[in-house]
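Trainee:
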Amino acid sequence: MPDGRLLCEMEIDMPRFKSLAWTALLCLALLDLSVAWADVQIGAAPATRKILPESPMPEARKIEIGLCRNEYEAFQIAVRAPRGATVLAVSVPEASPLDVFEVTVYREHYLNVANESSGSLTDHERLPGFYPDPLIPAVDPYDPEHARPVGLPYDLAPGETAVLWVEFYASPAVTPGLHEGAVVVETTEGEGHMQTTEIAVRIEAWDVDLPRTVATAFGFGHDRARNYHGGPEGDPTANYGEIVKRYYQALREHHIDPTTPPTPDIAFVFDAEDDLLPVDWSAYDEALEPWMTGSYLGGEGVARFNIGRFRPGSGTGSMTETQYVKAARAYAEHLQEKGWWDRAYVYATDEPWLNGGTETWDEIVHDIDLLLQATPDWRYKTLITGSYVDLVGDRVGIWCPVTPMYEDWFYTGGSMAGREEYAERFAKGESLWFYACNANLPPYAGYDIDTAIGYEPRIVKWGAWFEHATGFLYWRVSYWVQDDPWNVYMNLEEFGELFARNGDGFLLYPGDHNGTAGGKGSPEWLTLDGPIVSYRLKQVRDGLEDWELFRMSEKMGGEAYARAQVARAYTRFGDFTFEKCPGPGTYCPDDQPWTLDENLLLDVRKNLGRKVQHLLHSTLYPDPEAETPDGDQDEPDEDGDADADKEAEVAPTPDGDADRDTAPPTEDGGGCQGTGNLSWPALMLLGMIILVCFRTSRIS
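Using our numbering, you'd call the opening residue of the sequence shown number 632 and step up by one each time.
#1: Measure the alpha-carbon distance for Leu662 versus Phe732 and round it to whole angstroms.
#2: Kindly indicate which residue of Glu811, Arg757, Tyr1066 has the alpha-carbon position closest to the one of Thr890.
#3: Can you tell me the Cα-Cα spacing of Ser1018 and Gly939, whole angstroms?
#4: So, at 6 Å on beta carbons, what are the nonlocal neighbours of Gly852 in its own chain, with the 5 sequence-adjacent residues on each side left out?
#5: Go through its chain and collect everything with a Cβ distance to Asp1115's Cβ below 7 Å, but skip five positions before and after it.
#6: Would you tell me roughly how many angstroms separate the C-alpha atoms of Phe1137 and Cys1068, rounded to the nearest one?
#7: Quick test of the definition: if touching needs 3 or more C-beta pairs under 8 Å, does the stretch 853-865 touch the stretch 1148-1162?
#8: Return helix, strand or coil for Gly1240, following the three-state DSSP convention.
#9: Assuming Gly932 and Trp922 are in contact, meaning their beta carbons sit under 8 Å apart, how far apart are those beta carbons, in whole angstroms?
#10: Would you decide whether Leu1022 is buried or exposed? Buried here means 16 or more other CB atoms lie within 10 Å of its CB.
#11: Thinking just about the alpha-carbon of each residue, which of Thr1016, Val1033, Lys1012, Tyr1037 is nearest to the one in Asp1025?
#12: Ordered along the chain, which non-local residues of its own chain (more than five positions away) have a Cβ less than 6 Å from that of Ile694?
#13: Can you tell me where the alpha helix (DSSP H) with Phe1097 in it begins and where it stops?
#14: Should Cys1219 be labelled buried (16 or more other beta-carbon atoms within 10 Å of its own) or exposed?
#15: Between which two residues does the alpha helix (DSSP H) harbouring Glu791 extend?
#16: Leaving out the 5 sequence neighbours to the left and right, which residues in its chain are closer than 7 Å to His810 when beta-carbon positions are compared?
#17: Exposed or buried, which one is Leu908 when buried takes at least 16 other CB atoms within 10 Å?
#18: Given that a residue counts as buried once 16 or more other Cβ atoms are within 10 Å of its Cβ, and exposed if not, what is Leu1251?
#19: Restricting to Cα atoms, I'd like to know which of Glu917, Thr894, Arg935, Val996 is closest to Pro943.
#20: According to DSSP, which residues form a beta bridge with Gly925?
#21: CA-CA distance, Gly782 and Ser722?
#22: Can you give the Cα-Cα distance for Trp992 and Asp981, rounded to whole angstroms?
#23: Grouping DSSP H, G and I as helix and E and B as strand, with all else coil, what is Glu1055?
#24: What's the gap between the Cα of Pro1267 and the Cα of Pro687?
#25: What are the start and end residues of each continuous alpha helix (DSSP H) run of 4 or more residues lying completely inside the stretch 949-1026, in chain order?
#26: Give, in chain order, every unbroken run of the alpha helix (DSSP H) that is at least 4 residues long and sits entirely within the stretch 888-947.
#27: Do Pro1162 and Tyr878 have their C-beta atoms within less than 7 Å of each other?
#28: Over the uninterrupted alpha helix (DSSP H) stretch that includes Asp1173, give me the two end residues.
#29: Kindly give me the distance between the Cβ atoms of Asp905 and Gln954, rounded to whole angstroms, as I take these residues to be in contact under 8 Å.
#30: Give the range of the beta strand (DSSP E) segment to which Gln1196 is assigned.
#31: Indicate the three-state DSSP secondary structure (helix, strand or coil) for Val814 in the structure shown.
#32: In three-state DSSP terms, what is Asn1230?
#33: Taking Ile887 as the reference, which of Phe1181, Val1164, Asp1254 has the closest Cα?
#34: Please go through the same chain and pick out, in chain order, the residues whose beta-carbon is closer than 6 Å to the beta-carbon of Tyr1201, but skip the five residues on each side of it.
#35: Would you decide whether His1245 is buried or exposed? Buried here means 16 or more other CB atoms lie within 10 Å of its CB.
#36: Mapping the DSSP letters down to three states, classify Lys693 as helix, strand or coil.
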């Protein structure tokens, strides 16, 4: 090697050197430009993962999904561009093997949560920051003829992350087996440079038709939709009835029935001797029948429904007790004649343990006794939102506690009924449901927006099945904070700081701002004649679909396997904060009540899908239990992904105790992605070219 003196004295062929130098500069320019274009980062992740703005980018370019017929499954595509970009479209190419599925694409919209929900604990944090929840459809789903763009194209600011929710639905006509294809993401960056990225998708369609048997009761107050749809004043627009129907349809597509189908009052008229005159049922039947047959929304009718009258604890109204008994008898007989009685229940005074205590319980007992005078068929019809108590004897049909009011996991000392007590109630013919609400403080899984664990609404359904429940209730899907439902997510005025939770009382968002609230509602850029669904609602549906799989396995002789599998992911709903923990806000159980590993959850789900497929068609498909003796499974790699075949390691769900910014973070200016800095490949190339120049000159 020449020393510095030799370099200075060296004779160099300048024309040749200049030519090489210009070539080097051109290569550097092209290379740096290509690096800039390649800065659009794209990766896939399972639907269970909540991708926050500061989350590490998923790097998978392959994803695996398993689903039954009549089931929805999704995955996510994250797009991040340090220099900014436009996400143009996400699609399945024509003539793809994936064409047999109905594909829907949404863009996840981030909400700025300024006030976190209470009860933050280690590994179950609630922190301020940006969280995804509303799912903006790529095109207007309520006007398919015109395919109006809504969620896409989308302009990414520098450093911003866009997450696309890609959903597949397997109709009853889908052929079982493997379907492999690609989802294509089209982006542009800079002056029109287009980048096309393929995500390989492998779908295992199980030879299983998923039913709808799990009872659900999710309240929907359609009157609130009028605040945001149907014109600013006066009578609503002509299409308002269709808009309301779309809200119900959104619930239907997520395997959810409304608590109380809307029906008119029934006129019970008595003569002077208190005899009930013939009842005109025509208007009532006309309103209820479409819900029972499924003709209103298509598909099956509701699994269960609250009759909305004869509510224990509410008294007899304008009727005497004698009249009340006769009306209740006539109502029961009519529903029996129609074939609807088995699906009916009556919702007693809400949370009697909270609203009046012993006096309320006494009123409920009194009113149930009147119903039982009418006919013993009212025996199993009353639903109580609370834990079992001896005060009501054997009068109740459905016990529906909030999950923290089950067992002594939260209310210690045996004050709440649990597995042993409910086993006795089951033997008497009674049922168990659960509900979630603002009492679901961490570590109890719930419906909070501001949790980093995406599958909380899903895992709580696993627990419900594990505890032998047959239904799930949620108090409201549209109890928006009326002044600003897209920016205010907790109802502090009604529930206070302890019990106001982000997202409590709503799983849908109003799709418009053209209602009586005077322009309040959706953002200015969003106008849809129907609801916007949420990330949390998708997780609820996944949990209900899993529940159906568990029930199928249970009914076909696979209960032991199903329970062993689910027990890998769930042991209890939650805990009270342990005294042995080092300080306030810490949580240190010997074992988590439910898994924090999404890969484990997905592995259990896959095993159960294959198990049910085997139970239905034992000669066609292998038994996953036989492949792993005693139902034991190899635990997924901590850094692996049960449903993703990665080209590079996929980062785990971000730790909840990480610092959270209250503004979407951008990439740092330094490093290999820093704007204005040469990338390391360019520097290496420059060094190599200079070395070649000097060596060539030395030889010559």
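For glycine and all other residues, C-beta sits at the position ideal for the given N, C-alpha and C.
Mentor: So, from the data block:
#1: Its pLDDT being 44, under 50, Leu662 is placed unreliably by the model, and the measurement read from it follows with that caveat. Looking at the two C-alpha atoms, the distance is approximately 40 Å.
#2: Comparing Cα positions, the closest option is Tyr1066.
#3: If I take the Cα positions, the gap works out to 22 Å.
#4: Setting aside the 5 residues that flank it on each side, Gly852 is surrounded in the same chain by Ser1109, each with a C-beta closer than 6 Å to its C-beta; the list follows chain order.
#5: Apart from the 5 residues on each side of it in sequence, Asp1115 sits with its Cβ closer than 7 Å to the Cβ of Lys1151 in its chain, given in chain order.
#6: Distance between the alpha carbons of Phe1137 and Cys1068 is about 10 Å.
#7: Counting C-beta pairs with one atom in each stretch, the stretch 853-865 and the stretch 1148-1162 have three or more that are closer than 8 Å, which means they touch.
#8: It is helical.
#9: Their Cβ separation, rounded to whole angstroms, is 6 Å, which keeps Gly932 and Trp922 in contact under 8 Å.
#10: By the neighbour-count rule (16 or more Cβ atoms within 10 Å), Leu1022 is not buried but exposed.
#11: Cα-wise, what sits closest to Asp1025 is Lys1012.
#12: So the qualifying residues of the chain are Ala675, Phe706, Val832, Ala1275.
#13: If you look at Phe1097, you'll find it in the alpha helix (DSSP H) that goes 1087-1097.
#14: Answer is exposed; the Cβ neighbour count stays below 16.
#15: Glu791 -> no alpha helix (DSSP H), and no H or E assigned at all.
#16: Sequence-distant Cβ neighbours of His810 in its own chain, meaning closer than 7 Å and more than five residues away, are Pro728, Leu729, Val731, Ile834, Ala836.
#17: Using a 10 angstroms sphere on the CB of Leu908, the tally of other CB atoms stays under 16, which defines it as exposed.
#18: Burial call: exposed.
#19: Ranked by Cα distance from Pro943, the options Glu917, Thr894, Arg935, Val996 are led by Val996.
#20: Beta bridge pairing from DSSP links Gly925 with no other residue.
#21: Taking the straight line from one Cα to the other gives about 13 Å.
#22: Spanning the two alpha carbons is a distance of roughly 11 Å.
#23: Glu1055 sits in a helix when the DSSP states are folded into three classes.
#24: Confidence at Pro1267 is low in this model, with a pLDDT of 47, below 50, so the placement of that residue should be treated as unreliable; the coordinate-derived value is given next. Going from the Cα of Pro1267 to the Cα of Pro687 covers about 20 Å.
#25: Complete alpha helix (DSSP H) runs here, min 4: 952-969, 989-1005.
#26: If we require 4 residues or more, the alpha helix (DSSP H) runs fully inside the stretch 888-947 come out as 913-924.
#27: Their beta carbons are under 7 Å apart, which means Pro1162 touches Tyr878 by this criterion.
#28: Note, Asp1173: alpha helix (DSSP H), 1166-1184.
#29: Rounded, the Cβ-Cβ distance is 6 Å, consistent with contact.
#30: Taken as a continuous stretch (DSSP letters only), Gln1196 belongs to no beta strand (DSSP E), being part of the alpha helix (DSSP H) at 1190-1197.
#31: Annotated three-state conformation of Val814 is strand, per DSSP.
#32: Residue state, collapsed to three classes: helix.
#33: That would be Val1164, whose Cα lies nearest to the Cα of Ile887.
#34: Trp1093, Gly1094, Phe1097, Trp1225, listed in sequence order.
#35: Classification of His1245: buried, given that the 10 Å Cβ count is 16 or more.
#36: DSSP places Lys693 in strand when its eight states are reduced to three.
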